[in-house]
Amino acid sequence: MTVVERVPTDKVVVEGMTGDAAIAHALKQCDIDVLAAYPITPQTIIVEDFQKFVANGEVKTRVIPVESEHSAMSACVGASAVGARVATATASAGLALMWEILYCAASMRMPIVLAVANRALSAPINIHNDWSDSYGARDSGFIQIYCQSCQEAYDTVIMAFKIAEDHDVLLPVMVCIDGFILSHNVERVEMLPTEAVQQFLGVRKPAIALDPDNPVTMGPLALTDYYFEFKEQQDRAMARVPEVFERVESEFEKMTGRRYGRFETYRVEDADIIIFTHSTPGGTAKAVVDALRERGEKVGVVRLRMFRPFPAEALREVLRNAKAVAVFEKCRSFGAPSNPLALEVRTALYDLDERPLVTDFVIGLGGRDVPPSTIVEGVEKTKEYLKAGRAPLYETLGVRK
Amino acid sequence: MSKRFDEIPMAGIIIEPGNAMEYKTGGWRAMRPVHTDETCLWIKNGTCGLCWIYCPDNAVRLIEENGKYRYEYDYDYCKGCGICANQCPTGSIKMESE
Ligand code: SF4
Ligand code: SF4
Numbered sequence: 054m055t056v057v058e059r060v061p062t063d064k065v066v067v068e069g070m071t072g073d074a075a076i077a078h079a080l081k082q083c084d085i086d087v088l089a090a091y092p093i094t095p096q097t098i099i100v101e102d103f104q105k106f107v108a109n110g111e112v113k114t115r116v117i118p119v120e121s122e123h124s125a126m127s128a129c130v131g132a133s134a135v136g137a138r139v140a141t142a143t144a145s146a147g148l149a150l151m152w153e154i155l156y157c158a159a160s161m162r163m164p165i166v167l168a169v170a171n172r173a174l175s176a177p178i179n180i181h182n183d184w185s186d187s188y189g190a191r192d193s194g195f196i197q198i199y200c201q202s203c204q205e206a207y208d209t210v211i212m213a214f215k216i217a218e219d220h221d222v223l224l225p226v227m228v229c230i231d232g233f234i235l236s237h238n239v240e241r242v243e244m245l246p247t248e249a250v251q252q253f254l255g256v257r258k259p260a261i262a263l264d265p266d267n268p269v270t271m272g273p274l275a276l277t278d279y280y281f282e283f284k285e286q287q288d289r290a291m292a293r294v295p296e297v298f299e300r301v302e303s304e305f306e307k308m309t310g311r312r313y314g315r316f317e318t319y320r321v322e323d324a325d326i327i328i329f330t331h332s333t334p335g336g337t338a339k340a341v342v343d344a345l346r347e348r349g350e351k352v353g354v355v356r357l358r359m360f361r362p363f364p365a366e367a368l369r370e371v372l373r374n375a376k377a378v379a380v381f382e383k384c385r386s387f388g389a390p391s392n393p394l395a396l397e398v399r400t401a402l403y404d405l406d407e408r409p410l411v412t413d414f415v416i417g418l419g420g421r422d423v424p425p426s427t428i429v430e431g432v433e434k435t436k437e438y439l440k441a442g443r444a445p446l447y448e449t450l451g452v453r454k
Numbered sequence: 394m395s396k397r398f399d400e401i402p403m404a405g406i407i408i409e410p411g412n413a414m415e416y417k418t419g420g421w422r423a424m425r426p427v428h429t430d431e432t433c434l435w436i437k438n439g440t441c442g443l444c445w446i447y448c449p450d451n452a453v454r455l456i457e458e459n460g461k462y463r464y465e466y467d468y469d470y471c472k473g474c475g476i477c478a479n480q481c482p483t484g485s486i487k488m489e490s491e
């Protein structure tokens with residue numbers, strides 16, 4: 054365990070930054086060895102900014118400008134295999150093209166950090182935000198953390214390396230921000246001194262690396278006789294994430310005073326209805342809750358951060374006393390009885406003898422704005438369903454129908 | 394032989410190079426090559442050896458002892474692929490069901 058000290062305020066640099074720029078700066082300070090990426094909106098600024106750092110000689114990173122995202126993740130796996138600290142960034146179709154190698158990165162236990170600026174999938178082609186891209190990759194074996202602010206994106210990238218590279222984990226991490234809403238929006242970001250970040254992270258110590266003097270083979274064949282055992286290992290590594298996350302966040306808090314948790318709770322103590330969402334709608338939901346509380350309504354928010362591994366047990370304790378949980382999610386899982394986020398919430402609550410009613414609202418597809426009124430509409434519907442004693446498995450909100 | 398998840402290296406990494414000997418591919422065999430000395434060029438005059446060259450598992454043994462030629466298979470590794478039978482120019486190898 055590294056010894057970290059509180060960074061004095063006069064050493065902190067405050068700047069107005071977009072989410073993408075905040076991530077690029079975090080990557081720079083994390084002293085990554087290799088970045089392999091292919092440009093795609095709205096992630097592009099991350100790599101553009103980083104390329105400037107390289108061109109200016111501010112970092113020693115080797116940037117590999119590959120011909121596709123499939124190659125980007127492949128190059129990342131190769132670099133990570135020799136023991137490098139590695140990052141990449143993508144969105145939407147780019148993430149889709151990485152698909153095959155996402156699974157390789159996770160199951161070969163490569164601690165790569167992948168920044169995702171969440172964007173809708175084609176067709177019709179659309180560059181704006183929803184969560185269909187990274188939700189689709191939820192079973193790939195990546196840890197997934199969703200951020201609400203540029204500061205949180207910056208902080209999370211730094212912590213992501215430490216979680217990923219921990220020998221109890223050794224799994225890749227997706228750090229997700231809402232495309233355009235956060236990726237291109239300027240906010241106040243407090244940047245740590247680079248020495249503090251580097252002391253916090255240290256140099257990556259690979260558990261095992263490709264080395265000509267000690268040859269090993271990575272990613273070989275395993276069939277009916279051993280494949281399942283390797284999946285067991287991977288599953289157990291995922292199960293160890295919460296403990297490592299907690300340890301890393303405690304150290305980070307010592308250094309910065311900031312802590313986010315696997316989820317954030319907001320005015321939930323006596324709440325009858327808990328709004329459950331993540332990323333930028335989390336901020337909107339908190340504003341809605343403040344307004345509704347002024348009218349005497351007992352509402353609160355749980356803003357999820359860690360979607361994988363899903364903190365089912367901890368959430369159950371927070372949600373169990375509410376009358377209803379209103380889920381707002383920017384994804385439709387076509388043909389599914391409900392949608393990725395609500396499915397997890399329902400599973401988490403199912404074993405309770407008395408469980409809250411769960412409503413599931415699909416919002417904001419293709420970057421459709423999610424104003425406070427959309428959240429209010431969902432809360433109002435949830436109240437009606439509570440009265441009726443039953444709710445539909447899901448419905449869309451904010452679409453002309 | 395079969396180990397638990399916590400008794401094997403992480404992610405299937407092969408930590409000892411050159412360990413293919415440990416993998417006895419003979420277990421895969423459904424058809425077995427059967428060799429006839431009468432027509433075989435190796436037995437006749439120590440030539441040919443195409444089966445030995447082509448066998449992907451080094452399972453053909455061409456043996457020379459006291460000026461005499463012998464022929465055998467290593468059934469620990471012969472996986473029954475039939476390549477040797479296919480390559481033999483004299484039809485000296487037949488594949489038979491195990
Ligand atoms: S059947 Fe295949 S493995 Fe067996 S000896 Fe012939 S070539 Fe080799
Ligand atoms: S290929 Fe046929 S003829 Fe040639 S050595 Fe082998 S068995 Fe004999």
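Just so you know, the sequences run in chain order A and B.
The first sequence: position 274 = 327 (my numbering), numbered continuously.
The second sequence: position 60 = 453 (my numbering), numbered continuously.
No residue lacks a Cβ here, since even glycine has one placed at the ideal position from N, Cα and C.
Computed from a predicted structure; not experimentally measured.
Should residue i be counted as a contact of ligand 1 given a C-beta to heavy atom distance under 7 Å?
i: B:PRO426; result: yes
i: B:ASP450; result: yes
i: B:TYR416; result: no
i: B:GLY420; result: no
i: B:VAL453; result: yes
i: B:GLY473; result: yes
i: A:TYR91; result: no
i: A:TYR46; result: Since the first residue of chain A shown is 54 and the last is 454, residue 46 of chain A is not available in this structure.
i: A:TYR279; result: no
With a CB to CB cut of under 7 Å and the five nearest residues on each side skipped, what residues in its chain are close to residue i?
i: B:CYS474; result: PRO449
i: A:SER121; result: TYR91, LEU150
i: A:LYS516; result: For residue 516 of chain A there is no data in the structure shown, the boundaries of chain A being 54 and 454.
i: A:ALA367; result: ARG315
Whose C-beta lies closer than 6 Å to the C-beta of residue i among residues of the same chain, with five residues either side of it excluded?
i: A:ASP84; result: GLN251
i: A:TYR207; result: ALA75, ALA79, VAL242
i: A:CYS229; result: VAL169, ASN171, SER187, TYR199
i: B:THR432; result: THR483, SER485
i: A:ALA132; result: VAL87, VAL139
i: A:LEU245; result: VAL60
i: A:LEU446; result: PRO390, SER391
i: A:ALA125; result: ALA89, ALA90, TYR91, VAL119, THR141
i: B:CYS481; result: CYS444
i: A:LEU263; result: ALA134, VAL135
i: A:PRO273; result: none
i: A:ARG312; result: GLU302, GLU306
i: A:ARG320; result: VAL342, GLY353
i: A:ALA137; result: ASP86, VAL87
For residue i, count the other beta carbons within 10 Å of its own beta carbon; 16 or more makes it buried, fewer makes it exposed. Which is it?
i: B:TRP421; result: exposed
i: A:PHE305; result: buried
i: A:SER303; result: exposed
i: B:MET414; result: exposed
i: A:ARG421; result: buried
i: A:PRO177; result: exposed
i: A:ASP183; result: buried
i: A:THR333; result: buried
i: A:SER202; result: buried
i: A:ALA324; result: buried
So, for residue i: in the same chain, excluding its five sequence neighbours on each side, which residues have a beta-carbon less than 8 Å away from its beta-carbon?
i: A:VAL297; result: ILE216, ASP219, ASP221, VAL222
i: A:ARG399; result: SER391, VAL411
i: A:HIS237; result: THR71, GLY72, ASP73, PRO95, ILE98
Using only the heavy atoms of ligand 2, determine whether one of them is closer than 7 Å to the beta carbon of residue i.
i: B:CYS444; result: yes
i: B:HIS434; result: Looking at the sequence shown, residue 434 of chain B is not His but Leu. B:LEU434 Cβ: within cutoff of ligand 2.
i: B:PRO548; result: Nothing in the structure corresponds to residue 548 of chain B, since chain B is present only between 394 and 491.
i: B:MET476; result: Residue identity check: residue 476 of chain B is Ile in the sequence provided, not Met. Checking the Cβ of B:ILE476 against ligand 2 gives no.
i: B:ILE486; result: yes
i: B:CYS441; result: yes
Please confirm whether any heavy atom of ligand 3 lies closer than 7 Å to the CB of residue i.
i: B:TYR464; result: Among the ligands modelled here, namely ligand 1 and ligand 2, ligand 3 does not occur.
Subject >> Residues of the region 413-436 of chain B with Cβ closer than 7 Å to any Cβ of chain A, in chain order >> reply: none
Subject >> Start-end ranges of the alpha helix (DSSP H) lying completely within the region 62-95 of chain A, minimum 4 residues >> reply: 72-82
**OP:** Run through the region 118-150 of chain A for me and flag every whole alpha helix (DSSP H) of 4 or more residues, listed as ranges in chain order.
**Re:** 122-134
Original post:
If contact means a Cβ-Cβ distance below 8 Å, which residues of the region 473-489 of chain B contact chain A?
Top reply: none
**OP:** With 9 Å as the limit, tell me which residues of the region 247-280 of chain A have their beta carbon closer than that to any beta carbon of chain B; keep them in chain order.
**Re:** ALA260, ILE261, ASN267, PRO268, VAL269, THR270, MET271, GLY272, PRO273, LEU274, ALA275, ASP278, TYR279, TYR280
Original post:
Going along the chain, which unbroken runs of the beta strand (DSSP E) with 3 or more residues stay wholly within the region 433-481 of chain B?
Top reply: 453-458, 461-466
Subject >> Segments of 4+ residues assigned as alpha helix (DSSP H) that fall wholly inside the region 332-406 of chain A >> reply: 333-347, 365-372, 393-403
**OP:** Determine which residues of the region 281-293 of chain A have a Cβ less than 7 Å from any Cβ of chain B, and write them out in chain order.
**Re:** GLU282, PHE283, GLU285, GLN286
Original post:
Using a beta-carbon distance cut-off of less than 7 Å, what residues from the region 161-172 of chain A approach chain B?
Top reply: MET161, ARG162
**OP:** Please go through the region 238-268 of chain A and give each complete alpha helix (DSSP H) segment of 4 or more residues, from N-terminal end onward.
**Re:** 247-254
Subject >> Residues, ordered as in the chain, of the region 398-411 of chain B that lie near chain A by beta-carbon distance below 7 Å >> reply: PHE398, ILE401, MET403, ALA404, GLY405, ILE406, ILE407, ILE408, PRO410
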